[in-house]
Every structure is written in C-alpha cells, then in structure tokens.
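In what follows, a single structure is set out as structure tokens and then discussed.
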Amino acid sequence: MVEVRGVYKQYGGKNVVDNVSITIPTGKLTSLIGPNGAGKSTLLSIMSRLIDKDRGEVRIEGKEISQYKSDELAKKISILKQSNHIAIRLTVKELVSFGRFPYSRGRLTREDWEYVEEAIRYMELEDLQDCYLNELSGGQRQRAYIAMVLAQDTDYIFLDEPLNNLDMKHCVQMMKVLRKLVDELGKTIVVVMHDINFASCYSDYIVALKNGKVVREGTASEIMSSGVLQGIYDMDVHIETIHDKKICVYFA
Amino acid sequence: MSNKTKLIVLSIAALSLIMVFLFTDVKGNWDYIFRSRSEKIAAMVLTGCAIAASTVIFQTITNNRILTPSIIGFDSVYMLIQTFVVFIFGSTTLTMMNANVQFLVSVGFMVGFAVLLYSILFKQEEQTIYFLLLVGMIMGTFFQSVTSFMQFLIDPNEFFVIQDRMFASFNNMKTELLLVAGIVIALMIGYIVSYIRYLDVLSLGKEHAINLGVPYEKTVKRLLIVVAVLVSVSTALVGPITFLGFIVANVAYTFLQTYRHSYLLVGAMLFAIVALVGGQLVVERVFTFSTPLTVIVNLIGGIYFLYLLLRERKAW
C-alpha cells in the first residue's frame, strides 16, 4: 500500500504540492489527472523518491520511503519519467537488462535474462532488441523504457505520462499491458495521464489534482461526470456512454 | 574483436612502448640511465592512470563527454597555491620545502576546495550538477586572476620558478613523491573498483540511477572526492595536464563501444600510458627535448576536442 500523508513541496515560494494526502489502492491502476501545472508529476516524483518533499510522509507498505535502503526500495518501486535522455549508446536489450540491476548488480544470471526477454516480448520489441536507442522512433524508445521498468519487476510501478509519443495503436497496447500487469500479476500502478478518456477506460481509480491540491478522488465512473470534470478543468465537457465506457467529449 | 582482446592489444602496446623507452638508445652509465628512466616511467604510469580514471568518472557523473575535471578549477587551485607560496615566502621556500610536505599541503588544499564546492552543491537539493560546474568555473577563473595578479607583482626571477610548475613535464618531476603518490593512487583505484557497477548505472543519468537503487547523493559526493584526490596527485607530481584525460577517455569510448566501466576505465588508463610514454619517446628521441610533452598533448587534444564538438553538433 502507498500512503501519502500531508505532503508539501514548494518551488520559489509557491506550493506546487499543497497538503496532499492520498491512499493508493493496492492491486489497482490509479490515474493522476488534472490541468497543466497541477503538480501531478511532482507528486509522482515525490512518491517515488526522485525528489524530496518539504513536509509530510510517503509510506510504502507502512514504512516511510526515506527509511528504506536504496537497493531495497528499487526492488519494490520503479519510476519512469516522461522525458528520458540517455547520454550513452545502448541497445534496447542492454537498456532493458539495466532493469535487473537491483537484483544482480550488473552481473545478470540466467533467471535475470529470462525477465529481460519476457519484458522485451511483452512490449513487442523482439525485432528491435539489438538496435541502438538513438536509431529508434520516439514511440519505440518509450516502449523500450517501459520494458526496462517491467524487467525491474516491482510491486509498485509509477509512470509519468507513459502514452507520450505513442500512436493510437501503441497507446491502447500500452494500457492493455498495464491492465494485464494489474489483473494477472497483481501489480499496483500509478500513472500520470493527460488523456482523460484513456484514464476512464483503463483505470480503476482516479485522483484529480488542481493547483497542488487533491480536488476529487474516486473510482473511474465516479470521476467521469460532467460536473466533476468541469470543476477540474474549467471548461464545458459532456460525458457519453459508448460500449459501456464513459467517454468525455471536450471538443467544443 | 571482443573488448577483452582489445584491452590485451592495448596492454601489449603499452608494455612494448615502455620496453622501447627503457632499453633502447642507451649511451653512458647504464645504472644511472635505467634508474632515471624507470622513475620517469613510474611517474607516467601513475599520472596516466590518475588522469584517465578521474576524467572517465567525472564525465560519467556529469553525463557529458567533453568535460574534464579542470573545468571546476582544480588546476587553478594548484597554481594559486604555488604562486601564493612564492609571493609570501619567496622562491627559495618553494624550492627548498620538503617535497612530501608540499605535496600533502597541495593535495589537502585541492581536496578541501572540492569538499567546499560539493557542500555548496548538496546543501540545496534542487541544484543540479551543472550548478557545481558553473560555480567551479567561476571560482577557477577567480583563482586564475588572483594568480596572475600575484605573478605580476613578484620578481621576474621568482616568476621563473612558478613558470616551471605551470607546465607539466616528465623531465622535471618530483621523483621523491613517487612512493606517496603511488600509494594514494592505488588506494583511490581500489576504492573505485567497489563503485564500478554503480558507475555503469550512473551513466544512465540521475533519475534512472535513483530508480535502479543507487544512493545517488552519497555515491556522487564520494566519487567527486576521489576525482579531486586523483587530479591533485597527478598535478602535484608533474603539473597540470588534464587535457590528456579528455583525449584518452574519448578515444577509449570510441575504441571500446561499451558502457561498462570495468572496460572503459582500464582502456582509458592504457591509452593514457601509451600516449604519455609514446609522446615522451617522441619528445626525447625525435625532438630532442626541444618541445615539452604538454604542448604536443594540448595540440592533439585541441584538434580532437574541436572535431568532437563539430560532430556532436551534427548528431543533434
């Protein structure tokens, strides 16, 4: 279980994350939504110890994240940010094999390689596994990074806009993979999402942020109502139900 | 060719150059020649290893392949110390001072400077590594200005003593320091070995390193202090020569095509030995001491630097 209690983060005198307390349900896919500058990415980075909080607590399985040893935590949580630039030349396979570092310290066993190959298969990267990252398109690279996170095989996965750079087909594929990880392997996944309809169709739980504060949280169908979304985004939206899915129409 | 083979080839090249340097062109008293040449070889091997290792580590930490530790002003701290001693106490003090004492004082000051810089950097957690570079650059320039100012004021004869320290030279190194320097460098390299796997992950960048379980701040702080010690030792031994590190690190990256630091570090060190011993051979036997080795290193390094800059620009 991931519990966030009274977390603050200030940049230049402004509270980017302002007294946030949420509990991420275990074994569910949770989406963080909200307008630009709402503090979604910052909150995600705080939850995954990439940046320090000014105040408050983030507890994973009851233990404050700063109390964990770095390598111990790396076997429990993994984080992927939205912009990834790597200065060195790596093949897809080499990148994915880095995901096993918390377990193998760089000396991969046969079992580690099995995880690597499985992650590559999961993300349909078999044909590209020996290509260098800089030769790939943005979307292919994104899938390679996700494969690295999969190889890390953690119970909690934090993803900052995993659909960035992906086309329609790969967006759907990505969300199906995340669903599968939750439903079949029991992982807990938290994603920052921009596309409200992807959040609606694939997540179990939605947390809406605005100006650094949690404004609403609830199951996907609770949040997907025009009243709630209008409050979050300050614009007129309509909710239609298509094939049992609530779809938000916001093209005015 | 696998990376192991490549390293073996490099080792053979380095060893053969050392052999050529030691055993050819012997005229006169063999004992004397052998002794002075082995001391030179020892100094070159130590300096080469220290500079290669410090540059590779520094470039990995900063995720930037055209930086060298000299950017954060280590060389200028060294020159400031030398000039300051001459300015206050006169050149005789500098030349008469116990070499080991002077060595430890210089190393102490440089490491102190490094620790000061890092504490500024890590006091505020939002600061990036580039902030450290910027502060280092500004302080380096400041130290240089203070150094030049003092050099203007002192007696021209005294200035020659300093000038002598300003250029790296293996004809004029402090052989008394070899033992101490050797021990310090061996200790540092032993320490690096325990961090070698973290270095591989650090080259992915800060966020990935944290995600994969590297205690980032602690590791970077310690590695930067190792870099400071290595640069100080090599500078105190033969003078400022960090351009060499830039060349050998980049040649090693291109030659080995890997991210693994176990290969990169050894490769860069071997290239440094090849470059120094080979360069010194050319200086002594071809130019008959008319050109100092640093001039050649800086000329080649400068051209290579420009080439890499132009190529990088195209790549983006």
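One line per chain: the protein sequences are A and B, in this order.
Quick note: the first sequence uses my numbering, first residue -6, plus one each step.
Quick note: the second sequence uses my numbering, first residue 420, plus one each step.
Every residue, glycine too, gets a C-beta built ideally from N, C-alpha and C.
If you're wondering where the values come from, they're calculated on a predicted model, not measured in any experiment.
When the beta-carbon positions are compared, A/Phe94 and B/Val620 come within less than 8 Å of each other.
Proximity of B/Arg616 to chain A, defined by a Cβ-Cβ separation below 8 Å, is satisfied.
Per DSSP, reduced to three states, the secondary structure at A/Val207 is strand. Counting along the chain, the unbroken alpha helix (DSSP H) around A/Cys164 starts and ends at 161 to 178. Cα atoms of B/Tyr726 and B/Val475: separation of roughly 19 Å, rounded to the nearest angstrom. Interface flag for A/Asp64 against chain B is set, since a Cβ pair is found closer than 8 Å.
Within the region 420 to 435 of chain B, not one residue has a Cβ closer than 7 Å to any Cβ of chain A. Note on the region 648 to 687 of chain B: there is no whole beta strand (DSSP E) run with a minimum of 3 residues.
A/Ser14: not part of any alpha helix (DSSP H); member of the beta strand (DSSP E) spanning 7 to 17, first to last residue. Around the Cβ of B/Met498, a 10 Å sphere holds 16 or more other Cβ atoms; the residue is buried. With contacts defined as CB atoms closer than 8 Å, B/Gln563 and B/Ser495 qualify as a contacting pair. The continuous stretches of beta strand (DSSP E) do not include B/Thr594, and DSSP gives it neither H nor E. Each of B/Ala472, B/Asp450, B/Val554 was checked against the Cα of B/Leu642, and the nearest Cα belongs to B/Ala472. Relative to the Cα of A/Asn190, the nearest Cα in the group A/Glu233, A/Leu129, A/Leu37 belongs to A/Glu233.
Across the structure, A/Asp148 and A/Gly99 are spaced so that their CA atoms are roughly 21 Å apart. Close to chain B, meaning a Cβ-Cβ distance shorter than 7 Å, are the following residues of the region 95 to 109 of chain A: Pro95, Arg98, Gly99. Nearest to A/Lys162 by C-alpha distance, out of A/Gly27, A/Cys241, A/Gln133, is A/Gln133. At a C-beta separation below 8 Å, A/Arg42 has these neighbours in chain B: Ile629. Rounded to the nearest whole angstrom, the CA to CA distance from A/Asp188 to B/Ile615 is 42 Å. B/Leu623 has a beta carbon lying within less than 8 Å of a beta carbon in chain A. Between the alpha carbons of A/Val230 and A/Leu222 lies a distance of about 7 Å. Judged by their CB atoms, A/Asp153 and A/Val175 are not nearer to each other than the 8 Å cut-off. In the assembly as shown, B/Gln521 is a buried residue. Its beta-carbon has 16 or more other beta-carbons within 10 Å.
Listed along the chain, the chain A residues whose CB falls inside 8 Å of the CB of B/Tyr678 are Ile81, Arg82, Leu83, Glu87. Here DSSP, grouped into helix, strand and coil, assigns B/Gly531 to helix.
Contact between the region 109 to 121 of chain A and the region 37 to 48 of chain A is absent: fewer than 3 CB-CB pairs across the two stretches fall below 8 Å.
The DSSP-derived three-state label of A/Asp237 is coil. Against B/Pro634, the close residues of chain A are Lys62, Ser63, Asp64, in the order they occur along the chain (beta-carbon pairs closer than 9 Å). Around B/Leu597, the same chain offers Ala461 as residues with beta carbons nearer than 6 Å, after the five sequence neighbours per side are excluded. Nearest CB-CB separation between A/Ser90 and chain B: not below the 8 Å threshold. Identification of chain A residues near B/Val620 by a Cβ-Cβ cut-off of 9 Å yields Phe91, Phe94, Gly99, ordered along the chain. A Cβ of chain B is located within less than 8 Å of the beta carbon of A/Ser71. When CB distances to chain A are screened at a threshold of 8 Å, the residues of the region 481 to 495 of chain B falling below it are Asn482, Asn483, Arg484, in chain order. Its Cα nearest to that of A/Lys33, the residue A/Val9 stands out among A/Val9, A/Val242, A/Lys238, A/Cys241. Nearest to B/Val603 by alpha-carbon distance, out of B/Cys468, B/Tyr617, B/Gly664, is B/Cys468. Around the CB of B/Leu572, fewer than 16 other CB atoms lie within 10 Å, so the residue is classed as exposed.
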